[in-house]
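K.L.:
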Amino acid sequence: MSATSSKTSLETSDQRKVCLTSQTTWAFFTYASYISFFFNIVAYPAHVILLPYYLIAILARGKPPQFLNKWVYFNSHGLFRAKHQEGEVWRDYWCLYYIYFGFILNFVLWLLAITLLSLIFTIFVFIEEWRIITNVMYRLTFGSWIKIVNDPEELQGTSTDDVTEGGTEPKVADEESEIKGKKKEVTVCPVCGVEIDSKTTYCPKCGSYIE
């Protein structure tokens, strides 16, 4: 039973995605890193005191406390503008990692990035590779190792592989045309009532002529 539940939770985690758009990039390099560092430094003593409770709750329930998850979600979505799917959002990041270490690492990376951006030639690198840089910084900040996408449509899981331009599924249309074709090909004998192929001119049962 435990093996089945762990397998199910792993599959659920693998199916989840986080969307990081250009808004996340701007947030990283402007206000989010500084504000999150300030907020988390203020809350750090409380997190240190509550560490035993966090560990017990995670071991007992298999997930972080609700208010801790909301705090990290506020940082991820509210400050860094990351888009999350509905449901078990706590799977998208590692709460304990972020509140004790991730926000500090993010602030250091932010200072390093600001220093590098003062060099003119590095600006072009940031503009060209903003997706990779943003994805790496998010993973290092929140301890997230699930799939990261940069297009909001990918977050919704929309796909046009099985759908035509008109919005109908071609497989269903083919099946309907097959059924209609079969109905047209079947003929009923007027004498004995047996269904026969329309191409047949004589009934195989009674021998009647079929017009």
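The sequence shown maps to residues 84 to 294 in the working numbering.
Glycine included, C-beta positions come from ideal geometry on N, C-alpha and C.
1. Let's see if you can read the secondary structure: which residues bound the alpha helix (DSSP H) around V219?
2. Just how far apart, CA to CA, sit M220 and N189?
3. Whose C-beta lies closer than 8 Å to the C-beta of A86 among residues of the same chain, with five residues either side of it excluded?
4. With distances taken from CA atoms, which of Y156, R164, F204 is nearest W177?
5. Express the C-alpha separation of G161 and G170 in angstroms, rounding to a whole number.
6. Cβ of K166 within 8 Å of Cβ of P235?
7. Would the stretch 97-104 and the stretch 226-233 be scored as touching if the rule is three or more Cβ pairs under 8 Å?
8. From the DSSP secondary-structure annotation, give me the bridge partner or partners of E278.
9. Return the CA-CA distance between V172 and R99, expressed in angstroms with no decimal places.
10. Indicate whether S119 and D175 have their beta-carbon atoms separated by less than 8 Å.
11. Under 8 Å, do Q149 and L238 count as touching if we go by C-beta distance?
12. Roughly how far, in whole angstroms, is the beta-carbon of F111 from the beta-carbon of T217, given that I think they are within contact range, below 8 Å?
13. Just to confirm the assignment: which complete alpha helix (DSSP H) runs, minimum length 4, are found wholly within the stretch 145-187?
14. With DSSP as the reference, identify every bridge partner of V232, one or two as the case may be.
15. Specify the secondary structure class of Y114 as computed by DSSP and reduced to three states.
16. How would you label Y181, buried or exposed, when you count the other beta carbons within 10 angstroms and need 16 or more for buried?
17. Quick one: what's got a C-beta closer than 8 Å to E94's C-beta in the same chain, skipping five residues either side?
18. Taking only three categories from DSSP, how would you classify S119?
P.N.:
Reading from the atomic positions:
1. 213-225
2. In a straight line, the C-alpha of M220 is about 7 Å away from that of N189.
3. Because the pLDDT at A86 is just 43, under 50, the model does not fix this residue reliably, and the point stays unresolved.
4. Y156
5. 17 Å
6. yes
7. yes
8. V271
9. 9 Å
10. no
11. no
12. F111 to T217, Cβ: 6 Å. Contact.
13. 149-156
14. Beta-bridge pairing links V232 to C102.
15. If DSSP states are grouped into helix, strand and coil, Y114 belongs with coil.
16. buried
17. Summary for E94: the model assigns pLDDT 45, below 50, so the residue's position carries little reliability, and this model does not support an answer.
18. helix
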